[in-house]
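With our numbering applied, the sequence shown corresponds to residues 8 to 158, in that order.
Below you'll find the structure, written out as structure tokens, and then a few comments.
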Amino acid sequence: MNNTLTHRLLSTTDGASALALRVPVGLIFVAHGAHKLFGWFGGYGLEGTGQFFGSIGLSPGYVMALLAGAAEFFGGLALVFGLLVRPAAAALAFAMLVAVFAVHWSKGFFAAQGGYEYALALFAASVSLLFSGGGRLSADAALAARADGGQ
């Protein structure tokens, strides 16, 4: 991998504040992805989620459920560990944008009525991490320092 691409993927801000956002948001995404992929925590798994996705016009439903679940589960793990935060955050922001418009928009703003409030908050958190990177206390920061020769 060339050094410019490595630098762009792993670059991050020097602060530690991203950690406070990365870990809880990452855990939320892991749980939601596990819902979709494995049926954990009372979820429907790929089959049930795929049927739901198909019913709202996201087809093929099974494939869309697999993509959304994988983005959420593995992207969430990436946030928790601070590894490849920018690409993970981009995938998660895209997934939440789809959730806002394909699933929640017609139900209004408030999450209590099935609205887009919660998905919008997760979208905003993902975009914030896309801009900032994983922060000083991330695997990305450690790998970037190593790629730069330990500086």
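Here a beta-carbon is modelled for each residue, glycine too, at the ideal position from N, C-alpha and C.
Who are the Cβ neighbours of residue i in its own chain at under 8 Å, not counting the five residues just before and after it?
i	result
Phe-117	Glu-124
Ala-100	Phe-130, Ser-133, Val-134, Leu-137
Glu-79	Phe-36, Val-37, His-39, Gly-40, Lys-43, Leu-99, Ala-102
In three-state DSSP terms, what is residue i?
i	result
Leu-91	coil
Gly-49	helix
Thr-13	helix
Tyr-69	helix
Gly-115	coil
Gly-156	coil
Tyr-125	helix
Ala-75	helix
Ala-148	helix
Ala-25	helix
By Cβ distance, which residues of its chain are closer than 6 Å to residue i, with the 5 residues on each side in sequence left out?
i	result
Ala-97	Leu-137
Ala-25	Ser-139, Gly-141, Gly-142
Just to confirm my understanding: we take residue i, look at its own chain, exclude 5 residues before and 5 after, and list those with CB closer than 7 Å. What are they?
i	result
Ala-72	Lys-43, Leu-53, Thr-56, Gly-57, Phe-60
Considering just the uninterrupted stretch of the alpha helix (DSSP H) at residue i, what are its terminal residues?
i	result
Arg-143	Counting along the chain, Arg-143 falls outside any alpha helix (DSSP H), and DSSP gives it neither H nor E.
Ser-62	52-62
Could you check if residue i is buried or exposed, using at least 16 other CB atoms within 10 Å of its CB as the buried criterion?
i	result
Ala-27	exposed
Gly-22	exposed
Ser-139	buried
Ala-119	exposed
Pro-12	The sequence as given places Leu at residue 12; Pro does not occur at that position. Exposed: under 16 other Cβ atoms inside 10 Å.
Gly-156	exposed
Ile-63	exposed
Am I right that residue i and residue j are in contact with their C-beta atoms under 8 Å? What's the rounded C-beta distance?
i	j	result
Leu-90	Ala-154	The Cβ separation is near 14 Å, so there is no contact.
Val-92	Arg-15	Not quite, the Cβ-Cβ distance comes to about 12 Å (not below 8 Å), so this is no contact.
Thr-19	Ala-148	5 Å
Ala-95	Leu-86	6 Å
Leu-150	Leu-17	5 Å
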